[in-house]
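Note that the numbering used here numbers the sequence shown so that position 53 is 520, with each residue one more than the last. Glycine included, each C-beta is placed from N, C-alpha and C at the ideal position.
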Amino acid sequence: MKVGDLVQVLPAKYGHYIIIGRTTKFEDERACDESTAYWNLAPLPDTPFDHGGPMDEKYIEVVSESR
């Protein structure tokens with residue numbers, strides 16, 4: 468996974484997000500578990516949610532890789 472990849476979040480696979488970077492903190496400033504990879508996601512217009520944020524890599528499925 469890398470910045471710019473188009474992804475869906477499992478298990479729902481509902482809507483699409485774009486990876487905008489790696490993160491070590493949640494939006495409320497709590498620290499992420501350092502042993503887990505977290506990616507910051509931004510929702511695209513077809514996503515029913517108006518916010519993104521950090522997501523554990525194990526719940527992310529790449530739909531289309533960036534170049």
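Based on Cα-Cα distance, which residue from the options lies nearest to residue i?
i, options, result
"Y481", "S533, T491, D472, E528", "E528"
"K469", "P478, A479, L477, I485", "I485"
Quick one: Cα of residue i to Cα of residue j, how far?
i, j, result
"D523", "T503", "7 Å"
"Y526", "A479", "10 Å"
CB-CB under 6 Å to residue i, same chain, minus the five flanking residues each way: which ones, in chain order?
i, result
"T490", "Y505, N507, P521"
"S533", "G471, D472"
"L604", "Lying outside 468 to 534, the shown extent of the chain, residue 604 is not represented and no answer is given."
From the DSSP secondary-structure annotation, give me the bridge partner or partners of residue i.
i, result
"A457", "Beyond the ends of the chain as shown, which are 468 and 534, falls residue 457; an answer cannot be given."
"E528", "Q475"
Please go through the same chain and pick out, in chain order, the residues whose beta-carbon is closer than 7 Å to the beta-carbon of residue i, but skip the five residues on each side of it.
i, result
"V530", "L473, V474, Q475, H483"
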